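Some notes on the structure that comes next.
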Amino acid sequence: MPDRFSTLSRNKITARLQSEDYDLLIIGGGITGAGIALDAASRGLKTALVEKKDFAFGTSSRSTKLIHGGLRYLKQLEFGLVKEVGSERAVVHKLAPHLVVPEKMLLPLYERKGLGYWLTSIGLKVYDFLAGVRKDDQRKMLTRMQTLRYEPLLRSDDVKGGAIYAEYRTDDARLTIEILKSAAASEADVINYVKVSDFIYEENRISGVQVTDQFSGEIFPVRSKVVVSAAGPWVDELREINQSRTGKRLHLTKGVHIVVPHRRFPVHQAIYFDVADGRMIFAIPRGRITYIGTTDTNYNGDIDNVTATADDAAYLINAVNATFTGVDLSLQDIESSWAGLRPLIHEDGKSASELSRKDEIFESPTGLISIAGGKLTGYRKMAERVVNLVVKRHFADRLLKTFSTENIPITKNPFTNNREIQQYVTAITEKLKPYPLSGYTPRNLVEAYGRQTDVILAQMGDADYSEAEISLLKAEAWYAVHHEMVATLQDFFVRRTGLIYFEIRKVKQYKHEIALYFQSVLGWDDERMVTELKALEKVIEDVTQFKANT
Ligand code: FAD
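Numbering (the working numbering), first residue to last: -17 to 532.
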């Protein structure tokens, strides 16, 4: 029998959506919807989640990919937010240690820029305190010489000192998908490419939604006592359909990241540095690449198609070239990029980067509950607040399970500490030794799939020496079909493997072979093959070519 989260289970799931009466239906398969689905299903609510494109298609695959406390929110005196997301870092790391990886962050300090040495020292101390950081992970202030030893690429002219503090790096899309897999394992019905187009009402209260299957075009109702919209940047679009877009509204700001080969920008560890306009950006090494971001500008364009412009790319390149010596990046060095929208809550008179990152819940007169704002890092707490509200409003008299998602691992057979991960990476390295694969492969596999790497390597079998790269990729594609509900070619290259961002060469080289594989297992006809390859070409163009500014 196919897995509950297999592409081959789609028909069964759509049949259930049409026949069941749900307690809770969630709109949106980003990190927020995923967190809510897991929380609700694990408490025993009959839960469904529908996503109009692929899981994590929206902001949740386009973040800086950090599980972080948001140091800069201290500057905005958002102590509550820093305390919550800061403390959540260790929790999310514990839930998926292979996917939420400790990453020391270097913060260079300057004579004439940023907060200065003493304010930063006090700020980081407060940050550690609020987040309850373990003693051995607490911030360390550095002298000028120590800072330059940590990062010799820094222009030394006016570096005054620095600080090292603890954060975590993740893959946002994979984190979202793993949480959804756990929700499905807790009996939630979860599906992608099913779009909510309207609400159904009974006596002026929402009693379900009207959805369209994006592949078959079939339109059908889904009945549910409660509907929660976790639609990120699309939250206001759904409030509009519900005729409840009154009072507070969303304010979308765009954030862009660019990807360059690590050899062209060989930073030694993640670094968070000041930019001439008073903002700060990250440079994060990740295997063979370094990624740099982000911008923060108001956005009024097409929400479904957000891309980086030439100005966005130039801003990030100039920031790097002004801060690091001997690097001299140019547009030609950029291998890939991504652009996402922050669904923030509008505040009159505030600029894009001054807007609060706090989440907010809206309840409409007909019962639609919407949640927007917030951070990837705080997904669990946001989910808890939403589900608490749902229970309070509708299920107060029902005996529900009481355990917290803090204790539900979000991957199968999870690691319990970093030593176990290291041992496993060593074992995978040994298994892959006979093949001419990149040295980054074992760690990339383990950070993506955890112990499920074994399942993928078993599928790869004894590959031919010269075919190892494509054999491994096909095994990943097999895994994506059978265990991760991959539905299109771009789902695989963008959100299951991240190759479009981190190793675009493989996307270009193997797209036809992977398309043929999907054709064989998913029964795509020739027309579908053409559509899939065309759509992938468009994504490749979007991430590699920077249009004039819009
Ligand atoms: P989304 O991920 O956008 O999900 C909403 C989903 O709803 C989409 O997939 C969409 O397709 C679906 N949907 C919309 N309409 C419908 C419909 N009618 N029917 C069905 N489905 C629908 N946070 C951090 O903690 N760390 C970071 O490093 C970080 N960096 C960031 C960098 C940038 C540039 C940006 C933009 C944000 C960053 N954030 C970060 C914030 C974080 O990424 C977001 O808060 C989070 O991803 C929002 O998730 P979401 O699920 O609310 O929205």
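Virtual Cβ for every residue (Gly too), placed ideally from N, Cα, C.
Predicted model only: the values in this text are computed from it and were never measured.
Selection R477, E33, W506 evaluated against A155 yields R477 as nearest (Cα-Cα). The Cβ atoms of H239 and S319 sit closer than 8 Å to each other.
Contact between V82 and T152 holds: their C-beta atoms lie close to 5 Å from each other, under 8 Å. Taking 7 Å as the cut-off, one finds at least one heavy atom of the ligand FAD near enough to the beta carbon of P325. Contact check for G505 against T14 fails: the beta carbons are separated by 8 Å or more. Here DSSP, grouped into helix, strand and coil, assigns R(-2) to helix.
Note on Q472: 16 or more other CB atoms within 10 angstroms of its CB, so buried under the neighbour-count rule. Annotated three-state conformation of L6 is strand, per DSSP. Taking Y183 as the centre and dropping the five residues before and after it, the same chain places the C-beta of S189, T348 closer than 8 Å to its C-beta, in chain order. Collapsing the DSSP output to three states places L311 in coil. Under DSSP, E184 shares a beta bridge with R187.
Within the same chain, and ignoring the five residues on either side of K86 in sequence, the residues whose Cβ sits closer than 8 Å to its Cβ are I146, Y147, A148, E149, Q251, A252.
Here the alpha carbon of R126 sits roughly 11 Å from the alpha carbon of L136. In the three-state reduction of the DSSP assignment, V249 falls in the coil class. The distance from the Cβ of L20 to that of I390 is about 7 Å, consistent with a contact at the 8 Å cut-off.
By the C-beta criterion, the region 374 to 383 is judged not to be in contact with the region 211 to 223, since fewer than 3 inter-stretch pairs fall below 8 Å. Here F306 carries a strand assignment [DSSP, helix/strand/coil]. Within the same chain, K95, G96, M262 come within 6 Å of D256 by CB-CB distance, once the 5 residues on both sides are set aside. Within its own chain, the residues whose Cβ lies closer than 7 Å to the Cβ of V369, once the five positions on either side in sequence are excluded, are I18, D21, A22, R25, listed in chain order. Runs of the beta strand (DSSP E) lying entirely within the region 256 to 283 and spanning at least 3 residues, in chain order: 262 to 268, 271 to 275. For L130, the uninterrupted alpha helix (DSSP H) segment begins and ends at 126 to 132. Per the coordinates, the alpha-carbon of E2 lies some 10 Å from the alpha-carbon of T29.
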